[in-house]
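Below is one structure, written out as structure tokens, with a few remarks after it.
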Amino acid sequence: MRDVRGRVRGPGIGAGVLLVALLVVPAAADPAVRPRIPTYDVVLALRADGVLHVRETITFDFADGGRGLVRRLRYRVGDRLYEVRDVRASSSTGAPARVRTTKLGHELRIGVGTRGPEVRGRQAYVIEYDVLRAFTPRAGFDELGWDAIGTGWDVPIEHAAVRVEAPVRLRDVRCRAGRPGASVGCAGDRDGRYAIAFTQDGLAAGEGMRVRVRLPDRAVTAPPPAYARPHWAGTWLGTAVLALAVAAAGLVVRRPPRRRSGTGLAAAGALLVAADAADDVVAGGPWAFSLGDASLAGLALLTVGVGIVFAHRVGEP
96 MRDVRGRVRG PGIGAGVLLV ALLVVPAAAD PAVRPRIPTY DVVLALRADG VLHVRETITF
156 DFADGGRGLV RRLRYRVGDR LYEVRDVRAS SSTGAPARVR TTKLGHELRI GVGTRGPEVR
216 GRQAYVIEYD VLRAFTPRAG FDELGWDAIG TGWDVPIEHA AVRVEAPVRL RDVRCRAGRP
276 GASVGCAGDR DGRYAIAFTQ DGLAAGEGMR VRVRLPDRAV TAPPPAYARP HWAGTWLGTA
336 VLALAVAAAG LVVRRPPRRR SGTGLAAAGA LLVAADAADD VVAGGPWAFS LGDASLAGLA
396 LLTVGVGIVF AHRVGEP
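Here the sequence shown is numbered in this note's numbering, starting from 96 and rising by one per residue.
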């Protein structure tokens, strides 16, 4: 009887192990489906009035689900400013496409459907916007450098295409794909005299496509570039005043003046910094703040005032 049970149990255990292996191995062999961008098509239309009109058609595979997408644009590069306006979006697959724009650092973040219900699988989006003051005047030509597909995507892009259209014949157009400082040339194909298309397959997360276009001088009405005040606009004078204030703060701790004077200096310094920052913040938001001599002088007063108040607090019984 034991022999019969053993003979039956052995094949049964083997069949069970084989069944588990058949169920587990395919699951381990097939990687989990992750979000990706199967296709990304961009049209850069260079208009005669110097405005760059951008149309991006993005097919986004959300896999198990997600809420919209965020397109990141650099509206400030160094001190150079690009004005992005008339942002709009739509979805041919019925996904939520309400636009919400926010500035964070030097980026303009275009959220599309990010506050709508969750969607799954492949969804198609179209994002359009205009860019003003995008051209840079050079000796004998006007130049446009633009990240047609930015490097801010955290998902891979399987197939990308960028088409450049101009009101004049395109003679000098170049495209680079990859990461900044480690890019390669894109495959290009002319479509008549006034358009050229570039393609690139297999962009990894964090990789993009940058296009550079040179047009003959006065081929378009290109307004001059706009520049913001540098974040650090202080001179040696403002820096010296702040350094003296730091040294003075150490002295007043030993023999502090009246506490009321410290409070007054601190308040005056704070008001001076706020007044200096107000123009920049009102015009360009909090990320446009520039630290100039007025702000440095305000920080100097604030430093001395806080030092006096601190000295009195330490000296209290």
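Heads up, the beta-carbon is just placed ideally off N, CA and C, and yes, glycines get one too.
Computed from a prediction, not measured in an experiment: that's the story for all the values here.
What would DSSP say about Val401, mapped onto helix, strand or coil?
In this structure, Val401 counts as helix in the three-state DSSP scheme.
Classify Gly189 as buried or exposed, calling it buried when 16 or more other Cβ atoms lie within 10 Å of its own Cβ.
With fewer than 16 other Cβ atoms within 10 Å, it is exposed.
Nearest-angstrom Cα distance between Asp284 and Ala290?
For Asp284 and Ala290, the distance between alpha carbons rounds to 9 angstroms.
Just mark Ala234 as buried or exposed, buried being the case when its beta carbon has 16 or more other beta carbons within 10 Å.
Classification for Ala234: exposed.
Determine the DSSP secondary structure at Asp159, reduced to helix, strand or coil.
Of the three classes helix, strand and coil, the one that applies to Asp159 here is coil, per DSSP.
Exposed or buried, which one is Tyr322 when buried takes at least 16 other CB atoms within 10 Å?
Looking at its Cβ environment, which holds fewer than 16 other Cβ atoms inside 10 Å, Tyr322 is exposed.
Are there 16 or more other CB atoms within 10 angstroms of the CB of Leu413, so buried, or fewer, so exposed?
The shown model of the chain, from 96 to 412, leaves out residue 413, and the question about it has no answer.
Report the residue from Asp144, Ala229, Val279 whose alpha carbon sits nearest the alpha carbon of Glu178.
Cα-wise, what sits closest to Glu178 is Ala229.
What does the alpha-carbon distance come out to for the pair Gly273 and Gln218?
Approximately 25 angstroms between the Cα atoms of the pair.
I'd like to check one pair, Ala261 with Leu310: are the Cβ atoms closer than 8 angstroms?
Yes.
With a threshold of 8 angstroms on Cβ separation, who are the neighbours of Ser278 within its own chain once the five nearest residues in sequence on each side are excluded?
Excluding sequence neighbours, Ser278 sits near Arg271, Ala272, Arg305.
Count the other CB atoms, across all protein chains shown, that sit within 10 Å of the CB of Thr197; report buried if there are 16 or more and exposed otherwise.
Exposed.
Roughly how many whole angstroms lie between the Cα atoms of Gly280 and Val268?
Between Gly280 and Val268, the C-alpha separation is close to 11 angstroms.
Below 7 angstroms CB to CB, which residues in the same chain sit around Phe157 once its five sequence neighbours on both sides are set aside?
Around Phe157: Pro130, Val214, Arg215, Gly216, Gln218.
When the Cα atoms are used, what is the spatial distance from Gly145 to His201?
Near 23 angstroms, if we compare the C-alpha coordinates of His201 and Gly145.
Closer than 8 angstroms by C-beta to Ser185: which residues in its own chain qualify, once you throw out the five before and the five after it? Chain order, please.
These residues qualify, in order along the chain: Ala192, Tyr220, Val221.
Put Ala338 into one of helix, strand or coil per three-state DSSP.
Three-state DSSP puts Ala338 in a helix.
Based on the DSSP secondary-structure assignment, which residues constitute the bridge partners of His254?
Bridge partners of His254: Thr134, Asp296.
Considering only the alpha carbon of each residue, which of Leu176, Val250, Pro232, Leu147 lies closest to Leu164?
Of the candidates Leu176, Val250, Pro232, Leu147, the one whose C-alpha sits nearest the C-alpha of Leu164 is Val250.
Identify the continuous beta strand (DSSP E) that holds Ser185 and give its terminal residues.
178–185 is the span of the beta strand (DSSP E), which, as asked, contains Ser185.
Do Leu141 and Val315 have their CB atoms nearer than 8 angstroms?
Their beta carbons are under 8 angstroms apart, which means Leu141 touches Val315 by this criterion.
Let me confirm a value: Asp296 is counted as buried when at least 16 other C-beta atoms fall within 10 Å, else exposed. Which label applies?
It counts as exposed.
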